[in-house]
Amino acid sequence: MSPIPPSADPAAPPRAGLLDTRHHVETPEGIDLILRPAGLLPRSLAYGIDLLIRGGLMLLMFFLLIWLGRFGMGLGLILTFLMTWWYMVLFEVLAQGRSPGKRFMGLRVVHDDGTPVGWSASLVRNLLRVVDMLPFGYTLGILSCLANPTFKRLGDLAAGTLVVYRDEEPQVPALPEAPAQRAPFSLSRDEQNAVMGFAERHASLSAARRTELASLLAEPLEVPAEQAEARLNGIARGLVDPL
Amino acid sequence: MKQSQFEARHRDAWAAFTVQLEALEKSKADAEASTRFAADYRQLCQQLALAETRGYGSHLVERLQGLAMRAHQQFYRHRSHLAADLLGFLLAGFPRLVREQWRSVALASLLFYGSLLLMGGLVYVFPDLVYSVMDPAQVASMESMYDPDARRIGPLSERGSGDDWMMFGHYIMNNIGIAFQTFAGGLLFGLGSLFFLLFNGITIGAVAGHLSEIGYTETFWSFVIGHGAFELTAITFAGAAGLQLGWALLAPGRLPRAEALRRAASESVKLVAGVIVMLLIAAFIEAYWSSIALSATWLKYLIGGGLWLLVGAYFLLVGRSPHAPD
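Going down the list, the sequences are from chains Y and L.
The numbering of the first sequence is my numbering, which starts it at 20 and goes up by one.
The numbering of the second sequence is my numbering, which starts it at 4 and goes up by one.
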């Protein structure tokens, strides 16, 4: 495998100044996992949903256990304890990092190195939640979340965990129909990516915008501006298919 | 190799791998089919690296990245041997851990028992001092709980045996909640743990001093001696775990603060796991044994003293031999 040029080092953000929240993790298999940490809003919503679910369950429990008298009250207290302290931990460890709220919002909890969260990290991040709640309404947690590049609250910092989006499988777009062509000069990897990106996104760009973008390259491609788009599509096709 | 040829060559393998992944994610994969999973995953990683260096289209690369990500999640899945781990921890790991971290445990014990004894002694000598810690209503309810004429003693003294269960629930929720807060407070540079240790020490000391001073010695001490062995020790351990968090922030040594905190947290949370077990035992003893009003209080002292010795011996002696957990 040819050495990767430093400009395309995947561990570093591709170009300085590019605004990107993606978090790269290099795995022992020699590839980069790309995690997308979730920000304050989806996390708060997920927490809100969990809160509602817990509230509903507690209410239901209250009406069921009230018939059992003192025994029911004892059971109720134990269940309250489990709901308060263990609800998140049990779901995160046993349901692949997702409490019901997180599942709904498409989030999940992982260790910093991308591996699924375990008992000890999950316990730490959820026990330290009480500090995040200080002095009122999650103030410390919100401040920490906003100040951290990967949106960690204090509990996440101590536990070494991340809340990330669960990525959906991308739809593979069809390339525009064009006869395969060879580029007039050899393309670098970044240039190849740019040409491929242009062709793959053709359906989401308006015709005028496509012409405008392609005409920027008319001169190096040695074609008139109005043919530049077809030429680019042809080159992209030539990169994918054998000539 | 051009992208379309690459895709055509591996398309079937990727489809099969996706099916396998879906089965694993639903925990429905059979063992036979999973034997090839590690090799397939490595293969996929190699194809992803190849696709990236050859500059294939971003959609293909993203798709492979998605697959690799999902496979990574399954490959490094958390394997839970909860029962075996817990047993090993209780038979050796926990006392070892406590001995290993004796500095923070000693500091927490000093803070807690020191404030307890000091406050107890002061209240015993200057009885009015109890009102500087608790309001008169609290003192009165405390007195009625340990009234020597009651049939059952402790909180809710008028209860029958059916209420023991309720108190069990109450102790679990209350005490473990306090222990968790004591631990979590350590994140505030140790101040939270310090506060809870001293606050609990002073309150318990004031109650003990006051009740001894008004002559409820028999009921109070025979009530608390049994579960105290587990409960008080557990509080100091929770405080010790919290102090470790605070210490990591105050004096991270050569590590960055975040890293020091993470290491301290992963160590101290084990202590918290032990605390949970101890408080469950304490709640059980408190609800079912301590509350019985025996005419022979010497029996309660005997058993209570035995429990203190047991706890002491456990933390000093268990897990000394290197093969103990196996």
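The beta-carbon is built from N, C-alpha and C at its ideal position, and this holds for glycine as well.
Model, not experiment: these values are computed from the prediction.
| Query | Result |
| --- | --- |
| Where Ile97 of chain Y falls, given that 16 or more other Cβ within 10 Å makes a residue buried | buried |
| Members of the region 133 to 160 of chain Y near chain L, C-beta cut-off 8 Å | Gly133, Thr134, Pro135, Val136, Gly137, Trp138, Ser139, Ala140, Leu142, Val143, Leu146, Leu147, Arg148, Val149, Val150 and Leu153 |
| Pair within 8 Å by beta-carbon distance, Val136 of chain L and Phe318 of chain L | no |
| CB contact check: Ile306 of chain L to chain Y, cutoff 8 Å | no |
| Selection of the region 187 to 221 of chain Y by Cβ proximity to chain L, strictly under 7 Å | Glu188, Pro189, Val191, Pro192, Arg208, Gln211, Asn212, Met215, Gly216 and Glu219 |
| Per-residue DSSP class, three states only, for Val314 of chain L | helix |
| is_contact[Leu282 of chain L, chain Y] using C-beta, thresh 8 Å | no |
| Bounding residues of the alpha helix (DSSP H) (the contiguous stretch that carries Thr222 of chain L) | Thr220 to Leu253 |
| CB contact check: Ala187 of chain L to chain Y, cutoff 8 Å | yes |
| Where Trp86 of chain Y meets chain B, residues with beta-carbon distance less than 9 Å | Within the model displayed, chain B is absent; protein chains Y and L are what it includes. |
| Close beta carbons around Gly242 of chain L, own chain, < 6 Å, minus the five adjacent residues each side | Ala111, Thr185, Ser196 and Leu200 |
| Helix, strand or coil at Glu45 of chain Y according to DSSP, with G and I counted as helix | strand |
| Buried versus exposed, by CB contacts within 10 Å (16 or more), Ala299 of chain L | exposed |
| Alpha carbon of Leu87 of chain Y to alpha carbon of Arg73 of chain Y, nearest angstrom | 21 Å |
| Distance, Ala95 of chain L Cα to Gly322 of chain L Cα | 4 Å |
| Same chain, Cβ closer than 7 Å to Ser192 of chain Y, neighbours up to 5 away in sequence not counted | The identity of residue 192 of chain Y in the sequence shown is Pro, whereas the question assumes Ser. Around Pro192 of chain Y: Glu219 and Ala222. |
| Chain-order list of residues whose beta-carbon lies under 6 Å from that of Gln77 of chain L (same chain, five-residue window excluded) | Leu27 |
| Minimum length 4: unbroken alpha helix (DSSP H) runs contained in the region 155 to 212 of chain Y | 158 to 166 and 173 to 178 |
| Selected residue, minimal CA-CA separation from Ser163 of chain Y, among Y:Gly67, Y:Gly156 and Y:Arg172 | Y:Arg172 |
| Touching by the beta-carbon criterion (3+ pairs, under 8 Å), the region 111 to 126 of chain Y and the region 49 to 59 of chain L | no |
| Ile53 of chain Y, enclosing beta strand (DSSP E) - first and last residue | Asp51 to Leu54 |
| Identified DSSP bridge partners for Leu101 of chain Y | BP columns for Leu101 of chain Y are empty, so no partner. |
| Gln184 of chain L: contacting residues in chain Y (beta-carbon distance under 8 Å) | Val149 |
| Buried or exposed by the 16-neighbour rule on C-beta atoms within 10 Å, applied to Thr38 of chain L | exposed |
| Element boundaries [alpha helix (DSSP H), containing His62 of chain L] | Ser61 to Phe78 |
| Met72 of chain L classed as buried or exposed, judged by whether at least 16 other C-beta atoms fall within 10 angstroms | buried |
| Opposing strand residues paired with His130 of chain Y [DSSP bridges] | Y:Thr180 |
| Residues bridged to Pro135 of chain Y (per DSSP) | Y:Val129 |
| Where Ser196 of chain L meets chain Y, residues with beta-carbon distance less than 9 Å | Neighbours of Ser196 of chain L on chain Y: none; closest Cβ ~11 Å, over 9 Å. |
| Cα-Cα separation between Ala57 of chain Y and Pro203 of chain Y, rounded to whole angstroms | 43 Å |
| Selection from L:Phe40, L:Thr21, L:Cys48 and L:Leu63 that minimises the alpha carbon distance to Glu10 of chain L | L:Leu63 |
| Listed by chain order, chain L residues near Ala178 of chain Y by CB distance under 9 Å | Arg265, Ala268, Ser269 and Val272 |
| Proximity test, Cβ basis, 8 Å: Leu93 of chain L and chain Y | no |
| Listed by chain order, chain Y residues near Arg257 of chain L by CB distance under 7 Å | Residues of chain Y passing the Cβ test: none, with the nearest at roughly 18 Å. |
| Interface positions of the region 34 to 59 of chain Y facing chain L (Cβ-Cβ less than 7 Å), listed along the chain | Thr46, Glu48, Gly49, Ile50, Leu52 and Ile53 |
| C-beta neighbour in chain Y for Arg39 of chain L, strict 8 Å | no |
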